[in-house]
Amino acid sequence: MNLFNVKPDDTILTGDRTTGPLHLGHFVGSLKNRVLLQDICRQFLLLADAQALTDNMGNYVKVRDNVLQVALDYLAVGIDPAKSTIFIQSLVPELSELSSYYLNLVTVARLERNPTIKDEIKLRGYERDIPAGFLTYPAAQAADITAFKATVVPVGSDQIPMIEQTNEIVRRFNSSVNQEILVEARAVVPENGSRLPGIDGRAKMSKSLGNALNLSSTPDEISQAVKMMYTDPKHLRVADPGQVEGNVVFTYLDVFHPDAARVAEWKEHYQRGGLGDMPLKRELEACLQALLEPIRTRREALARDPAMVMDILKQGTLKAREAAGQTLSEVKAAMGLNYF
Ligand code: TRP
755 MNLFNVKPDD
765 TILTGDRTTG
775 PLHLGHFVGS
785 LKNRVLLQDI
795 CRQFLLLADA
805 QALTDNMGNY
815 VKVRDNVLQV
825 ALDYLAVGID
835 PAKSTIFIQS
845 LVPELSELSS
855 YYLNLVTVAR
865 LERNPTIKDE
875 IKLRGYERDI
885 PAGFLTYPAA
895 QAADITAFKA
905 TVVPVGSDQI
915 PMIEQTNEIV
925 RRFNSSVNQE
935 ILVEARAVVP
945 ENGSRLPGID
955 GRAKMSKSLG
965 NALNLSSTPD
975 EISQAVKMMY
985 TDPKHLRVAD
995 PGQVEGNVVF
1005 TYLDVFHPDA
1015 ARVAEWKEHY
1025 QRGGLGDMPL
1035 KRELEACLQA
1045 LLEPIRTRRE
1055 ALARDPAMVM
1065 DILKQGTLKA
1075 REAAGQTLSE
1085 VKAAMGLNYF
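Now the structure itself:
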């Protein structure tokens, strides 16, 4: 298998805002892939605390504390700091400096037209009261990506406009200095299972919607989540025919059950009638418990030594600063801002 057609000389940059611990949706959509990608090419993982503040005005404690929580999630799922560089965004000032130059290459109108920004403005109810840092975060994200000369950026489909805008900045900068300094990046979106629905059946699993199952969930929480999981509300008696589409238990069985043939049989039986939700939920719970048990165990062990985890982030941040510093010098030299 060649994931996203990534080559050994590719460089990946991706990351997460540090607004909360990661959940099963992150695992399916990105973490699982990162564990594989770190064996194929260079990979930088950004703990986006500075970006998190763009829509979390004053929530410093939450954003700071979740740096460690997200790092624990990364390490617990098998991201290996010897293979992937994990770093803290706010500790790489080169990124803000790059971003400040990029802001001259984008217009306010273009930022306001960015579909990701537009959706998020609606979602957060900003209307006209948009924090300036939030409106301009596409330029900051362009800095995150270009500082490492990333060629591949795995993202959810909602983030594609961010990569498009990054590439516009790359082209505009390169043509403004008449040199190929910055590198365009390719957005890659996981084709199947990239968007795990919430346990309530809503399209997206999300902490803020309260329909998520965290990677740190206890066995009891997993059990509760499966019990509450949305199935077919019209499937009242076992004998009745049930619906598979939109039935979260089946969506999850498709993603997590190792035996696709058995899942196909259950679907057929369920649609015909005579198969209840309970045995399916028992099967699903077993899969989820088996998946999350080793993650939780490793996470708990790592959480007992936060100083060790912070040291991993420190080493990663030093490496990231070096790479970003190199790009920043090239950018400044190309603009003639290399005075001495
Ligand atoms: N915007 C991403 C999110 O909301 C996080 C992020 C910040 C990111 N910088 C990035 C993702 C660069 C990919 C590349 O989750």
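For the sequence shown, the residue numbers in this note's numbering are 755 to 1094.
The C-beta atom is built at its ideal place from N, Cα and C for all residues, glycine as well.
Residue burial classification, residue i (beta-carbon count within 10 angstroms, cutoff 16)
i, result
"V815", "exposed"
"A1044", "exposed"
"A1087", "exposed"
"A983", "One detail in the question is off: residue 983 reads as Met in this sequence, not Ala. By the 10 Å Cβ count, M983 comes out buried."
"E848", "buried"
"S850", "exposed"
"P915", "buried"
"K981", "exposed"
"A1014", "exposed"
"R867", "exposed"
"F1094", "exposed"
"A957", "exposed"
"G1090", "exposed"
"G1028", "exposed"
"S784", "buried"
"G964", "exposed"
"A1074", "buried"
Start-to-end residues for the alpha helix (DSSP H) that takes in residue i
i, result
"I923", "914-931"
"G1000", "Careful: G1000 lies outside any alpha helix (DSSP H) and carries neither H nor E."
"L865", "862-867"
"A886", "886-889"
"V943", "No alpha helix (DSSP H) holds V943; DSSP gives it neither H nor E."
"V1017", "1014-1026"
"P1033", "1031-1057"
"V980", "973-982"
Heavy atom of the ligand TRP within 7 angstroms of residue i beta-carbon
i, result
"L800", "yes"
"I899", "yes"
"E857", "Residue identity check: residue 857 is Leu in the sequence provided, not Glu. Result no, Cβ not under 7 angstroms from the ligand TRP."
"T768", "yes"
"V909", "yes"
"Q805", "yes"
"Q1043", "no"
"Q895", "yes"
"Q913", "yes"
"R771", "yes"
Run of the beta strand (DSSP E) containing residue i, from where it starts to where it stops
i, result
"T1081", "Here T1081 belongs to no beta strand (DSSP E); instead the alpha helix (DSSP H) covers 1060-1088."
"L767", "765-771"
"V750", "This structure gives no information on residue 750, because the portion of the chain shown stretches from 755 to 1094."
"P762", "First-last for P762: undefined, no H or E at that position."
"V906", "906-908"
Where in the region 792-847 do unbroken runs of the beta strand (DSSP E), each at least 3 residues long, occur, reported from the N-terminal end onward? As far as the region 792-847 is concerned, its whole beta strand (DSSP E) runs of at least 3 residues are 796-802, 838-842.
For the region 817-833 against the region 875-885, do three or more pairs of beta-carbon atoms, one drawn from each stretch, fall closer than 8 angstroms, so that the two count as touching? In the pairwise beta carbon analysis, the region 817-833 is classified as not touching the region 875-885: fewer than three pairs are separated by under 8 angstroms.
Does the region 799-816 touch the region 1037-1057, meaning 3 or more C-beta pairs lie closer than 8 angstroms? The region 1037-1057, when compared against the region 799-816, does not touch it at the 8 angstroms Cβ threshold.
Say whether the region 833-847 touches the region 782-793, bearing in mind that this needs 3 or more beta-carbon pairs closer than 8 angstroms, one atom from each stretch. When C-beta atoms of the region 833-847 are compared with those of the region 782-793, three or more pairs fall below 8 angstroms, so the two segments count as touching.
Do three or more CB pairs link the region 1000-1010 to the region 1061-1071 at distances below 8 angstroms? No, they do not touch.
Check whether the region 902-910 touches the region 858-865, taking contact to mean three or more Cβ pairs, one atom from each stretch, closer than 8 angstroms. Three or more Cβ pairs closer than 8 angstroms define a contact, and the region 902-910 falls short of that threshold against the region 858-865.
Specify whether the region 795-807 and the region 893-904 touch according to this definition: at least 3 beta carbon pairs, one from each stretch, less than 8 angstroms apart. With a cut-off of 8 angstroms, the region 893-904 and the region 795-807 count as touching, because enough Cβ pairs lie within range.
Should the region 964-978 be regarded as contacting the region 1048-1059, the criterion being three or more beta carbon pairs within less than 8 angstroms? Because the criterion of three Cβ pairs below 8 angstroms is met, the region 964-978 and the region 1048-1059 touch.
Just checking, does the region 920-928 make contact with the region 816-824 on the three C-beta pairs under 8 angstroms criterion? When C-beta atoms of the region 920-928 are compared with those of the region 816-824, fewer than three pairs fall below 8 angstroms, so the two segments do not count as touching.
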